[in-house]
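Trainee: Letter by letter, the sequence shown follows residues 24 to 345 in my numbering.
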Amino acid sequence: MPMSFNLNVIEEFRANGGRVGGPFEGGDLLLLTTTGARSGRPHTVPLGYVRAEGLLLVVASAGGAPEHPQWYRNLLVHPVVRVELGTEAFDTVAFDTVAVPAEGARRERLFAAVVRKAPGYGDYQAHTERELPVVVLERLEPPADGPAPVVVRSLADKLLEAHTWLRAQLRHVRQEARSHVPGRPAALGLQLRQHCLAFCDGLTHHHTGEGSAIFPALARSRPELADVLTRLDEQHRAIGRIKEELVALLAGIAVTEPERLRTELDRMSAELEAHLDFEEAELLPVLAGIPFPPSGPVPSGPVPSRPGPGGSAPGPSAPTGG
């Protein structure tokens with residue numbers, strides 16, 4: 024679809040609480056914001072969606088085109104995506120998700136459920152040799168057995184919120200890695216890969232925010248922290264090297280030796296826990312006096328946070344999922 028068409032649909036969606044007219048009137052539509060695989064810039068597209076088995080699903084159909092849509096290629100590189108949905112109150116709600124393409128028998132089951140609700144997807148599949156990916160949009164929520172959500176009132180709380188998310192995600196991917204068997208049709212390969220990359224993206228985002236805003240501001244205002252900040256910066260680089268090794272392993276997840284993957288995850292877990300513990304001990308007392316959101320002038324730049332998202336519109340006969 025032309026970009027101008029997409030933009031018109033997006034503007035109408037946001038202005039009318041998720042309702043749009045024309046060929047999509049009454050249809051189930053969401054806005055998906057991905058991060059460009061090459062550009063790193065956010066890209067938003069309107070997509071048809073289906074709910075099945077309690078899951079929020081989009082299909083990378085591109086109207087039956089021979090190639091995957093760009094938004095799908097984006098989420099394979101940056102799995103954390105933002106979803107906007109309309110509500111019964113004629114408003115919109117936005118939340119972050121991890122985009123996980125279904126595999127094997129699960130994909131077949133979910134695609135069948137999609138076609139029962141929106142038969143147009145079956146027509147799209149019939150017109151291409153490409154297997155249309157079914158993407159599960161998993162909402163980013165704290166685990167039920169995890170710590171209570173952090174109430175953010177200060178920059179220290181914001182830092183702790185980010186640390187809590189990173190710890191939870193790393194625990195999750197380590198649990199999945201224990202079940203990973205490469206080459207098995209219904210294995211956790213792609214699911215594990217997406218969750219690992221989501222964690223890595225979150226880690227990069229968090230450390231970039233610290234390195235570009237928080238640490239320079241502390242260096243200026245608290246010169247006695249110079250040695251602490253130097254040590255934290257060294258830890259960031261060490262964890263960054265492990266992260267890059269992990270990303271390289273994920274590129275060949277289908278053939279990666281499970282034990283090697285688990286070893287890298289264990290190594291990152293040990294390094295990260297030590298780093299987070301040290302950072303909290305040294306910086307939380309300092310940051311506790313800085314309100315968040317800021318109530319006055321603060322140093323410019325990003326702050327540590329949970330990761331956010333960095334896309335073609337549905338076709339006229341049925342929502343295409345891009």
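Ideal Cβ placement from N, Cα and C applies to all residues, glycine included.
Source: prediction; values computed, not measured.
What is the rounded straight-line gap between the Cα of Q192 and the Cα of A125?
Mentor: Numbered from its first residue, the sequence shown carries residue 192 at position 169. Numbered from its first residue, the sequence shown carries residue 125 at position 102. In a straight line, the C-alpha of Q192 is about 19 Å away from that of A125.
Trainee: For the structure I just gave you, are there three or more beta carbon pairs, one from the segment 223 to 243 and one from the segment 262 to 281, closer than 8 Å?
Mentor: The segment 223 to 243 vs the segment 262 to 281: in contact.
Trainee: Taking 8 Å as the cut-off, decide whether the C-beta atoms of V116 and W94 are in contact.
Mentor: For the purposes of this step, residue 116 is taken as the residue at position 93 of the sequence shown. For the purposes of this step, residue 94 is taken as the residue at position 71 of the sequence shown. No, the pair does not count as a contact, with Cβ atoms beyond the cut-off.
Trainee: Rounded to the nearest angstrom, what separates H101 and A221 at their Cα positions?
Mentor: If you number the sequence shown from 1, residue 101 lands on position 78. If you number the sequence shown from 1, residue 221 lands on position 198. The alpha-carbon atoms of H101 and A221 are separated by roughly 7 Å.
Trainee: Kindly give me the distance between the Cβ atoms of E161 and T187, rounded to whole angstroms, as I take these residues to be in contact under 8 Å.
Mentor: Within the sequence shown, the letter at position 138 stands for residue 161. Within the sequence shown, the letter at position 164 stands for residue 187. At roughly 18 Å, the Cβ-Cβ gap does not stay under 8 Å, so E161 and T187 are not in contact.
Trainee: Put D119 into one of helix, strand or coil per three-state DSSP.
Mentor: What you label residue 119 is simply residue 96 of the sequence shown in a count that begins at 1. Here D119 sits in strand by DSSP.
Trainee: Can you say whether P320 is buried or exposed, counting buried as having 16 or more other CB atoms within 10 angstroms of its CB?
Mentor: Taking the first residue of the sequence shown as position 1, residue 320 is located at position 297. Because the pLDDT at P320 is just 47, under 50, the model does not fix this residue reliably, and the value given afterwards should be weighed accordingly. That one is exposed.
Trainee: Compute the Euclidean distance between the alpha carbons of G41 and T56, then round it to the nearest angstrom.
Mentor: Within the sequence shown, residue 41 is the residue found at index 18, counting from 1. Within the sequence shown, residue 56 is the residue found at index 33, counting from 1. Cα-Cα distance, rounded: 15 Å.
Trainee: From E90 to L248, what distance separates their C-alpha atoms?
Mentor: Working through the sequence shown from its first residue, we reach residue 90 at position 67. Working through the sequence shown from its first residue, we reach residue 248 at position 225. Cα-Cα distance, rounded: 53 Å.
Trainee: Mapping the DSSP letters down to three states, classify S235 as helix, strand or coil.
Mentor: Position 212 of the sequence shown, counted from the start, is the residue given in the question as residue 235. In the structure shown, S235 sits in a helix (DSSP, three-state: H, G or I).
Trainee: Suppose contacts are defined by Cβ-Cβ distances below 8 Å. Is F301 in contact with S177 by that definition?
Mentor: The count along the sequence shown starts at 1 and reaches residue 301 at position 278. The count along the sequence shown starts at 1 and reaches residue 177 at position 154. No.
Trainee: Which first and last residues belong to the beta strand (DSSP E) in which L163 is found?
Mentor: Counted from its first residue, the sequence shown places residue 163 at position 140. Neither: L163 is in no beta strand (DSSP E) and is coded neither H nor E.
Trainee: Would you call the CB atoms of E305 and V251 closer than 8 Å?
Mentor: Taking the sequence shown and counting its residues from 1, the one referred to as residue 305 is at position 282. Taking the sequence shown and counting its residues from 1, the one referred to as residue 251 is at position 228. It is a contact, given that the beta carbons lie within the stated cut-off.
Trainee: Do you know offhand how far A382's Cα is from E294's?
Mentor: Since the displayed the chain opens at 24 and closes at 345, residue 382 lies outside it and no answer follows.
Trainee: Name the residue from F36, N31, M291 whose alpha carbon lies nearest to the alpha carbon of T110.
Mentor: By 1-based counting over the sequence shown, the position of residue 110 is 87. T110 has its Cα closest to that of F36, out of F36, N31, M291.
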